[in-house]
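Trainee: Letter by letter, the sequence shown follows residues 1 to 231 in our numbering.
Ideal Cβ placement from N, Cα and C applies to all residues, glycine included.
First the structure, then my questions, so here it is.
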Amino acid sequence: MSSVYTNFTALKRELGIGNALLAAMNGALRKLHPRLGIARYYLIAQPIPQTGTVARHTGRIQVRQLLADDPALGLQDRSPEEIRTRFESAGVCLAAFRGDEAAPLGFIWLLWAPYTETTHRCRLIPPEDGRSVLDVDIYIQPRERGGMTFMRLWQAANDYLRHRGITHTYSRISAYNGRSLRAHQRMGATILGSQVFVELGSLEILLSNRRPYLSTIRARGDAPDVPLPGA
1 MSSVYTNFTA
11 LKRELGIGNA
21 LLAAMNGALR
31 KLHPRLGIAR
41 YYLIAQPIPQ
51 TGTVARHTGR
61 IQVRQLLADD
71 PALGLQDRSP
81 EEIRTRFESA
91 GVCLAAFRGD
101 EAAPLGFIWL
111 LWAPYTETTH
121 RCRLIPPEDG
131 RSVLDVDIYI
141 QPRERGGMTF
151 MRLWQAANDY
161 LRHRGITHTY
171 SRISAYNGRS
181 LRAHQRMGAT
191 ILGSQVFVEL
201 GSLEILLSNR
211 RPYLSTIRAR
221 GDAPDVPLPG
231 A
């Protein structure tokens, strides 16, 4: 019992009481059945700095754009179908490398077109203002977390987007990932809304404070559209 209390106290300190309770409920439901659970996400907007860069002094870490035939895409632990879908959604992948290493230290995907999230499905629609994109997947190798790779990727992404007239990126971040949320907030991100997905086998119920406010999602059905407001 003391270990349960200690773990929950640490979770509450990391996520806040509300998200800690949801995360604990999600863990309990997952133990009952892998198709039961509660997930919460924040919808965020992050400004692109119009001058300067996010990070400096990044050493030997270099970032380059991966094209559709780049072999480094096969090292991302993302399915070929998912990668193909992202390119079809006007996707751009930027990946960080150290020296001559073949495997990327991390990567970020930027999309100019609507994108359907594959986990707790919904179709994110960026503002149609010509100045907004989605960042749908940023991944850092575990050994690189806490280092400069995250900031180096965002430095390169901001430079890439700023030169194309983009002013904001939009994304969905798990409320159970406090570290990621804080990292984005340090770069100026603001929360636009939240989503709660209640998973009941092949059925999911979406509750949100943004459109659509309530939606049911079936495994073989369409994902609901989530239009993101301009920042």
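Could you check the C-alpha separation between G178 and N19 for me, to the nearest Å?
Mentor: So the two alpha carbons sit approximately 10 Å from each other.
Trainee: May I ask you to report which of helix, strand or coil DSSP gives E204?
Mentor: In the structure shown, E204 sits in a strand (DSSP, three-state: E or B).
Trainee: Just to confirm my understanding: we take A45, look at its own chain, exclude 5 residues before and 5 after, and list those with CB closer than 7 Å. What are they?
Mentor: If we look at A45 and ignore the five residues flanking it on each side, its Cβ neighbours are H168, Y170, A189, T190, L192, A231.
Trainee: Quick check on Y213: does DSSP put it in helix, strand or coil?
Mentor: If DSSP states are grouped into helix, strand and coil, Y213 belongs with coil.
Trainee: Evaluate the contact criterion for the region 145 to 158 versus the region 77 to 88: three or more CB pairs, one atom per stretch, below 8 Å.
Mentor: These segments do not touch.
Trainee: Short check: CB of Q62 to CB of Y160, under 9 Å?
Mentor: No, Cβ-Cβ distance for Q62 and Y160 is not below 9 Å.
Trainee: According to DSSP, which residues form a beta bridge with L134?
Mentor: For L134, which the question treats as bridged, DSSP gives the partners L111, Y170.
Trainee: Taking the alpha helix (DSSP H) that P80 belongs to, which residues open and close that run?
Mentor: Start and end: 80 to 88.
Trainee: Starting from Y176, follow the beta strand (DSSP E) in both directions and report where the run begins and ends.
Mentor: Careful: Y176 lies outside any beta strand (DSSP E) and carries neither H nor E.
Trainee: Buried or exposed for Y176, please, with buried defined as at least 16 other CB atoms from any protein chain shown within 10 angstroms of its CB.
Mentor: Label assigned to Y176: buried.
Trainee: Got a sec, what are the start and stop residues for the alpha helix (DSSP H) L36 sits in?
Mentor: Taken as a continuous stretch (DSSP letters only), L36 belongs to no alpha helix (DSSP H), being part of the beta strand (DSSP E) at 36 to 47.
Trainee: DSSP three-state call for D159: helix, strand or coil?
Mentor: DSSP places D159 in helix when its eight states are reduced to three.
Trainee: Does any CB atom of chain B fall closer than 9 Å to the CB of K12?
Mentor: The chain inventory of the structure shown lacks chain B, comprising one protein chain alone.
Trainee: With respect to the alpha helix (DSSP H) encompassing G91, which residues constitute its N-terminal and C-terminal limits?
Mentor: First-last for G91: 91 to 98, but that is the beta strand (DSSP E), not the alpha helix (DSSP H).
Trainee: Determine which residues share a DSSP beta bridge with R218 and list them.
Mentor: Bridge partners of R218: L203.
Trainee: Can you find the residues in the same chain that come closer than 6 Å, C-beta to C-beta, to P114, ignoring five residues on each side of it along the sequence?
Mentor: The residues are R123, I125.
Trainee: If we ignore side chains and look at the alpha-carbon of each, how far apart do W112 and P229 end up?
Mentor: Distance between the alpha carbons of W112 and P229: 15 Å.
Trainee: In terms of DSSP beta bridges, what is I140 paired with?
Mentor: G106.
Trainee: Run the CB neighbour count on P71, radius 10 Å, all protein chains shown included, and call it buried at 16 or more, exposed below.
Mentor: Under this definition P71 is an exposed residue.
Trainee: Apart from the five residues on each side of it in sequence, which residues of its chain come closer than 6 Å, Cβ to Cβ, to G91?
Mentor: W109, L111, listed in sequence order.
Trainee: Thinking C-beta only, is Q195 closer than 9 Å to L203?
Mentor: Against a cut-off of 9 Å, the Cβ pair of Q195 and L203 comes out as no contact.
Trainee: Quick one: using the 10 Å Cβ neighbour count with 16 as the cut-off for buried, is V4 buried or exposed?
Mentor: So V4 ends up on the exposed side.
Trainee: Return the Cβ separation of L200 and L36 in integer angstroms, given the expectation that the two are a contact with Cβ distance under 8 Å.
Mentor: L200 to L36, Cβ: 7 Å. Contact.
Trainee: Could you tell me which residues DSSP puts in a beta bridge with V63?
Mentor: Answer is A96, bridged to V63.
Trainee: Return the CA-CA distance between E88 and T6, expressed in angstroms with no decimal places.
Mentor: The straight-line gap from Cα to Cα measures roughly 46 Å.
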